[in-house]
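>
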Amino acid sequence: MESANVASMPVDYIPILIQLGVAVAFGVLTIIGTHLIGPKVRTENKLGSFESGVEVIGDARQPFSIKYFVVALLFVIFDIEVIFMYPWAVNFREFGVQGLIEMFVFMGMLLLGFIYVIKKKALDWD
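Each residue of the sequence shown is one higher than the one before, counting from 307 in the working numbering.
1) Please say whether residue 431 and residue 373 have beta carbons closer to each other than 9 Å?
2) Would the stretch 384-402 and the stretch 411-421 be scored as touching if the rule is three or more Cβ pairs under 8 Å?
3) Excluding sequence positions up to five away, which residues of its chain have a Cβ less than 7 Å from the Cβ of residue 387?
4) Going by Cα to Cα distance, which pick from 339, 317, 346, 405 is closest to residue 390?
5) Can you find the residues in the same chain that come closer than 7 Å, C-beta to C-beta, to residue 376, ignoring five residues on each side of it along the sequence?
6) Using 10 angstroms around the beta-carbon of residue 326, count the other beta-carbons present and answer buried if the total reaches 16, otherwise exposed.
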């Protein structure tokens, strides 16, 4: 009977190195090729800013409310926490009472975080 603990050799990594080399070479050759083959006409119209077919007016560096970022971060955080519930829901019966208790703890922590966000009025728009 053969041993289940097989040591990997450096030779085993050659296909990975080849694939990495091909990927890097493709990226570099594509970038160089587009600069060599592509058109080199530089007009004022071509170098100008393009915003969805609308003429650009003013400076793009205008300050706006940080609440947008707060809402986006909260969405990502709560969305990822919901993703953690999926494996639990799939294996609900296998986890038994212990898994149910752990999910209640997780949901409680999620609820505490949501209550904290509501108390800090992070979702209130002025």
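Even glycine gets a Cβ: it sits at the ideal position worked out from N, Cα and C.
Just so it is clear, the structure is predicted and the values come from calculations on it, not from any experiment.
From the atom records:
1) yes
2) Contact holds: three or more Cβ-Cβ distances are below 8 Å.
3) 416
4) When each option's Cα is compared against that of residue 390, the closest is 405.
5) 428
6) Counting of Cβ neighbours within 10 angstroms places residue 326 among the exposed residues, the total staying below 16.
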